[in-house]
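Trainee:
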Amino acid sequence: MIKPFSALLTLAFATSLGAPAAFAQLQTRIVASGLDHPLFATSPAGDSRLFIVEQGGLIKILQNGTVQPAPFLDLSGSVNTEGERGLLGMAFDPNFASNRRFYVDYIDKTSLNTVVATYQVSATRPNVADITSRQTVLTVQQPEFNNHKAGWLGFRPGESRNLYIATGDGGSHDDPGNRAQNLSSNLGKILRVDVSSDHLPNDPTQYGYAIPDGNVTGGNPEIYAYGLRNPFRDSFDRENGTFYIGDVGQNAREEIDIGAAGANYGWRRFEGTLVNFPNDPQIPNHTPPIFEYNHTADGASVIGGYVYRGSEIPGLAGTYFFADFVNDKVMSFRFTGSGITDLTDRTAELLSPTGISGSISSFGEDASGNLYLVSLNGQVGQIALIPEPASYAMMLGGMGLIGVWVRRRGKARGRFANA
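Those letters in the sequence shown? Residues -24 to -1, 1 to 395, per mature numbering (1 follows the signal peptide of the UniProt record, and there is no 0), in order.
Encoded structure:
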C-alpha cells in the first residue's frame, strides 16, 4: 500500500523540480540592518548565532533573527577609526565550544598600532565576552598612514593550533618603505602563530604563542607569506583548506591569490602580474594571482569572499564569491587548482536598490556554510535562492495531490475500521 503514496510523492517532486533545475536565481535576503559600519560576520563551529563586527569597536550578535540589544564586546574606547583603521577582524578558536576563546584584530586608539588580542566568553553569560580575560597576542608597529591595515584573522580547517593574521603594508602610495618585501617587518604579510596554549602563563596580560614549522626562514619568525599590499578579506575553503587571499590593488590591478607557506606575491614590484616598480630588485619566487582584473576609470577595491559549502543552494558547492567595494559588483568563479572556470557576474542577482545596494565591506560565513554580504551602509544579507514562480506553483500543486490522496486514504481506512 506504500507504492501509490511513493508514486504521488515522486510525481509531486518531479513536477515541482521540472527538468534540470528548480531554482534559477540567487537573491540577498536581509537578516540585519541599522548597523554602524559593519565590516565582518562570522560564527563559531556548531553555533546558530552570527557575530557582526562594527568598525567602531562593537561586536553584535544576530540570534533568532534579531540583533541583540547588548553588544557581545565593546572596544569602542580602545579603537581608532580614522580612515581604514578600526575593529577589523574576528576569529573563533576551533575549540571555542570548550575553551570559549576568540580573537580580534584592531588599531589601538593610543599607539595606532595593530593589536591582536584574545578574550574568553563569560562562563555564565554566553552572549557576553569576559572583559577581564583579555590578553594581547601580538602587536604590529604601524607607520603614520591611516590606510592598508588589513585585519583578517582565521584558522585553517584541520589546523586548529595556528592562527593566521593578515597585515597590510601600512599605507600611503607605493609602499614607500617597501615593507611588504622586508622580512624584518610584519607589514604586508600573512602571519601564522601557534596559539594552542599560552606560552607565557605567568603574564596575565600577554598570551604567548609558538612558531609553527613551515613559516618563512631568514626573517621575522611569524611570517608565513609576504609581498602583499592590503589583504583585507581572506578565507579558507572549509572543505579542503584552500587559502584564498583578496589583495587590494593600487592603480591598475585587483588580485586574488592562493595562500601558501613561503609565497611572495610580489608587491610592490608587482601589482598583480603588472610590473609596478621596474627598478626594484627582481623577485625570482614571485607567486602570481590566480585571478586579477583591471581598474575602471573610477578605481576598484577587491573584497575577498568564501567558497560556498552550504547545503541550501544545489549546484553552487565549490563556487568562490568575491566583490568589489568601489564598483559595487559581486562575482564568482571556481578554482580548478591551476586556473579558474565559470567566472560569473552576480551583481544583478545580489545587489538591488531595495536590498543591499553596494558598499560591500566583507562576506561572512556561518556555522552551516551559508554566505552573507556585509555592507558598510549598515546591512547584512544572506545569499539565498529565489524559487522559480512556475516551479514553486507546481510544487504546491504536487503537494496538494499528496494531501488529497492522504485525506482519501484516511477516509477509506475509517470505513474499513467501522466495517
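In this text, a Cβ means the ideal position worked out from N, Cα and C, and glycines have one as well.
According to the Cβ coordinates, are L352 and I289 closer than 8 angstroms?
Mentor: Taking the first residue of the sequence shown as 1, we reach residue 352 at position 376. Taking the first residue of the sequence shown as 1, we reach residue 289 at position 313. It is not a contact, given that the beta carbons lie outside the stated cut-off.
Trainee: Taking the straight line between their C-alpha atoms, what separation do you get for N162 and Q1?
Mentor: Position 186 of the sequence shown holds residue 162. Position 25 of the sequence shown holds residue 1. Looking at the two C-alpha atoms, the distance is approximately 43 angstroms.
Trainee: Which residue or residues does DSSP assign as beta-bridge partners of F16?
Mentor: In the sequence shown, counting from the first residue as 1, residue 16 sits at position 40. DSSP output for F16 lists V29 as bridge partner(s).
Trainee: Measure the alpha-carbon distance for A93 versus P119 and round it to whole angstroms.
Mentor: Here residue 93 corresponds to residue number 117 of the sequence shown, with the count starting at 1. Here residue 119 corresponds to residue number 143 of the sequence shown, with the count starting at 1. A93 and P119: Cα-Cα distance of roughly 20 angstroms.
Trainee: Taking the straight line between their C-alpha atoms, what separation do you get for V116 and P363?
Mentor: Here residue 116 is taken as the residue at index 140 of the sequence shown, counted from 1. Here residue 363 is taken as the residue at index 387 of the sequence shown, counted from 1. Cα to Cα, the separation comes out at about 48 angstroms.
Trainee: Go ahead and label Q258 buried or exposed: buried means 16 or more other beta carbons lie within 10 angstroms of its beta carbon, across all protein chains shown.
Mentor: Position 282 of the sequence shown holds residue 258. Q258 should be labelled exposed.
Trainee: Report the CB separation of V356 from I28 in whole angstroms; it is logged as a contact under 8 angstroms.
Mentor: Numbered from 1 along the sequence shown, position 380 holds the residue referred to as residue 356. Numbered from 1 along the sequence shown, position 52 holds the residue referred to as residue 28. Right, their Cβ atoms sit about 6 angstroms apart.
Trainee: Does L319 pass the burial test, meaning 16 or more other C-beta atoms within 10 Å, or should it be called exposed?
Mentor: Start at 1 with the first residue of the sequence shown, and residue 319 comes out as number 343. Exposed.
Trainee: What residues match up with K305 in a beta bridge as DSSP calls it?
Mentor: Here residue 305 is taken as the residue at index 329 of the sequence shown, counted from 1. Answer by DSSP bridge pairing, in chain order: D300.
Trainee: Can you tell me which of the three DSSP states T100 falls into?
Mentor: Translated into positions along the sequence shown, residue 100 becomes position 124. Coil at T100, not helix or strand.
Trainee: Starting from the C-beta of L88, find all residues in its chain whose C-beta is less than 7 angstroms away, skip the five residues before and the five after it, and write them out in chain order.
Mentor: Translated into positions along the sequence shown, residue 88 becomes position 112. Excluding residues within five positions, the ones whose Cβ falls inside 7 angstroms are N56, Q118.
Trainee: Does DSSP put N75 in a helix, in a strand, or in coil?
Mentor: Position 99 of the sequence shown, counting from 1, holds the residue named residue 75. Of the three classes helix, strand and coil, the one that applies to N75 here is helix, per DSSP.
Trainee: Quick one: what does DSSP say T323 is sitting in, helix, strand or coil?
Mentor: As a position in the sequence shown, residue 323 is number 347, starting the count at 1. Helix at T323.
Trainee: Measure the C-alpha to C-alpha separation of S136 and G281 and round it to an integer number of angstroms.
Mentor: Here residue 136 refers to the residue found at position 160 of the sequence shown. Here residue 281 refers to the residue found at position 305 of the sequence shown. Taking the straight line from one Cα to the other gives about 21 angstroms.
Trainee: Taking the continuous beta strand (DSSP E) assigned at I234, which residues delimit it?
Mentor: Translated into the one-based positions of the sequence shown, residue 234 becomes position 258. Here the beta strand (DSSP E) through I234 covers 229 to 234.
Trainee: Name the residue from L326, T295, V306 whose alpha carbon lies nearest to the alpha carbon of F312.
Mentor: If you number the sequence shown from 1, residue 312 lands on position 336. Sequence inspection shows Thr at residue 312; the Phe mentioned does not correspond to that position. That would be T295, whose Cα lies nearest to the Cα of T312.
Trainee: Could you spell out where the beta strand (DSSP E) holding E120 opens and where it closes?
Mentor: In the sequence shown, counting from the first residue as 1, residue 120 sits at position 144. Careful: E120 lies outside any beta strand (DSSP E) and carries neither H nor E.
Trainee: Can you tell me the Cα-Cα spacing of P197 and G238, whole angstroms?
Mentor: By one-based count along the sequence shown, residue 197 stands at place 221. By one-based count along the sequence shown, residue 238 stands at place 262. Cα to Cα, P197 sits roughly 12 angstroms from G238.
Trainee: Take G194 as the anchor and find which of M307, S160, G222, P47 has the nearest alpha-carbon.
Mentor: Locating residue 194 in the sequence shown gives position 218, counting from the first residue. For the residues M307, S160, G222, P47, the minimum Cα distance to G194 belongs to S160.
Trainee: Taking 7 angstroms as the limit between beta carbons, can you name the residues of its chain near M(-24), skipping five residues before and five after?
Mentor: As a working mapping, residue -24 is identified with position 1 in the sequence shown. Low confidence applies here, because M(-24) scores a pLDDT of 37, under 50, leaving its location unreliable and the question unanswered by this model.
Trainee: Would you say D170 and Y183 are within 8 angstroms of each other, going by their C-beta atoms?
Mentor: Indexing the sequence shown from 1 puts residue 170 at position 194. Indexing the sequence shown from 1 puts residue 183 at position 207. Result no, Cβ atoms of D170 and Y183 do not sit closer than 8 angstroms.
Trainee: Tell me the DSSP secondary structure of Q157 in three-state form.
Mentor: Counted from its first residue, the sequence shown places residue 157 at position 181. Note: Q157 maps to helix in three-state DSSP.
Trainee: Does A366 pass the burial test, meaning 16 or more other C-beta atoms within 10 Å, or should it be called exposed?
Mentor: Reading the sequence shown from its first residue, position 390 is the one you call residue 366. Legend: pLDDT at A366 = 49, less than 50; position of this residue unreliable, value from coordinates given subsequently. A366 is exposed by the Cβ-count criterion.
Trainee: Distance check for S74 and G164, CA to CA, integer angstroms please.
Mentor: Translated into positions along the sequence shown, residue 164 becomes position 188. Translated into positions along the sequence shown, residue 74 becomes position 98. If I take the Cα positions, the gap works out to 33 angstroms.
Trainee: Mark T181 as exposed unless 16 or more other C-beta atoms lie within 10 angstroms of its C-beta, in which case mark it buried.
Mentor: As a first step, residue 181 must be located in the sequence shown, where it is residue number 205. That one is exposed.
Trainee: When the Cα atoms are used, what is the spatial distance from H175 to I187?
Mentor: Here residue 175 is taken as the residue at index 199 of the sequence shown, counted from 1. Here residue 187 is taken as the residue at index 211 of the sequence shown, counted from 1. Going by the C-alpha atoms only, they are around 11 angstroms apart.
Trainee: Buried or exposed for G147, going by 16 or more other Cβ atoms inside 10 Å?
Mentor: Stepping through the sequence shown from its first residue, residue 147 is reached at position 171. Answer is buried; the Cβ neighbour count reaches 16.
Trainee: Can you give me the C-alpha to C-alpha distance between Y368 and G286, rounded to a whole angstrom?
Mentor: Looking up residue 368 in the sequence shown gives position 392. Looking up residue 286 in the sequence shown gives position 310. Confidence at Y368 is low in this model, with a pLDDT of 46, below 50, so the placement of that residue should be treated as unreliable; the coordinate-derived value is given next. For Y368 and G286, the distance between alpha carbons rounds to 22 angstroms.
Trainee: Find the nearest neighbour of S328 within the set I83, V306, R76, S314, judged by alpha-carbon distance.
Mentor: Start at 1 with the first residue of the sequence shown, and residue 328 comes out as number 352. The candidate whose alpha carbon is nearest that of S328 is V306.
Trainee: Quick check on R209: does DSSP put it in helix, strand or coil?
Mentor: Translated into positions along the sequence shown, residue 209 becomes position 233. In the structure shown, R209 sits in a strand (DSSP, three-state: E or B).
Trainee: Between H149 and K36, what straight-line distance do the alpha-carbon atoms span, to the nearest angstrom?
Mentor: As a position in the sequence shown, residue 149 is number 173, starting the count at 1. As a position in the sequence shown, residue 36 is number 60, starting the count at 1. One C-alpha to the other measures close to 34 angstroms.
Trainee: Measuring straight from C-alpha to C-alpha, what distance separates D50 and L34?
Mentor: For the purposes of this step, residue 50 is taken as residue 74 along the sequence shown, with counting starting at 1. For the purposes of this step, residue 34 is taken as residue 58 along the sequence shown, with counting starting at 1. Distance between the alpha carbons of D50 and L34: 5 angstroms.
Trainee: For the beta strand (DSSP E) holding Y200, just list the boundary residues, first then last.
Mentor: Reading the sequence shown from its first residue, position 224 is the one you call residue 200. First-last of the beta strand (DSSP E) with Y200: 199 to 202.
Trainee: Helix, strand or coil: how does DSSP classify H175 here?
Mentor: Within the sequence shown, residue 175 is the residue found at index 199, counting from 1. Three-state DSSP puts H175 in coil, outside helix and strand.
Trainee: G286 bridges to which residues according to DSSP?
Mentor: Walking along the sequence shown from the start, residue 286 turns up at place 310. Answer is none; G286 lacks a bridge partner.
Trainee: Could you compute how far the alpha carbon of I221 sits from the alpha carbon of H262?
Mentor: In the sequence shown, counting from the first residue as 1, residue 221 sits at position 245. In the sequence shown, counting from the first residue as 1, residue 262 sits at position 286. Whole-angstrom Cα-Cα distance: 15 angstroms.
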